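**Student:**
Numbering (our numbering), first residue to last: 428 to 574.
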């Protein structure tokens, strides 16, 4: 097995983030956690992952503080996986990925769901970055500056 290079100490925050969230399996686990999946067997059923791969990914997400385990809510001896505050902080990233796919996917009509707010059942607006003064920002209107 080839060991993955760690980006944890990289100066780039995007690289560090990728080191923390791992790979596409990890993002799909996080997506399912936002959808209410809590049990190992439910993650496996939803994702169709091999048990050994799921075990490694869940352990890494717990070790990185993105998921936590707690006693099962039904009182059984099982453990539930729940998003931590750090894990819930990934929500805008998942929304951005979803919205990017909805806009640029070759077959957006095949996307089975739309993200809506629960209170009004209306589609969520596209994420926009804003300057400190409230004006929307395009990529060319941003740059990196030293701390």
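For each residue, glycine too, the CB sits at the ideal point set by N, CA and C.
Since this is a predicted model, take the numbers as computed values, not measurements.
1) Counting Cβ pairs, one atom from each stretch, are 3 or more of them under 8 Å apart for the segment 491-505 and the segment 527-539?
2) Determine the extent of the beta strand (DSSP E) in which residue 507 is found, giving its start and end residues.
3) Taking 8 Å as the threshold (C-beta atoms), are residue 433 and residue 446 in contact?
4) By the three-class DSSP mapping on this structure, what secondary structure does residue 483 have?
5) Roughly how many whole angstroms lie between the Cα atoms of residue 566 and residue 523?
6) Following the continuous alpha helix (DSSP H) through residue 440, name the residue where it begins and the one where it ends.
7) Could you please give the first and the last residue of the uninterrupted alpha helix (DSSP H) stretch that includes residue 523?
**Tutor:** Reading off the structure:
1) The segment 491-505 vs the segment 527-539: no contact.
2) As a working mapping, residue 507 is identified with position 80 in the chain shown. In the DSSP assignment, residue 507 falls within the unbroken beta strand (DSSP E) covering 506-510.
3) Taking the first residue of the chain shown as 1, we reach residue 446 at position 19. Taking the first residue of the chain shown as 1, we reach residue 433 at position 6. Between residue 446 and residue 433, the C-beta spacing is below 8 Å.
4) For the purposes of this step, residue 483 is taken as residue 56 along the chain shown, with counting starting at 1. Helix at residue 483.
5) Start at 1 with the first residue of the chain shown, and residue 566 comes out as number 139. Start at 1 with the first residue of the chain shown, and residue 523 comes out as number 96. Residue 566 and residue 523 have their C-alpha atoms roughly 15 Å apart.
6) Counted from its first residue, the chain shown places residue 440 at position 13. Its alpha helix (DSSP H) spans residues 440-448.
7) For this step, residue 523 is matched to residue 96 along the chain shown. Where residue 523 is concerned, the enclosing alpha helix (DSSP H) starts and stops at 518-531.
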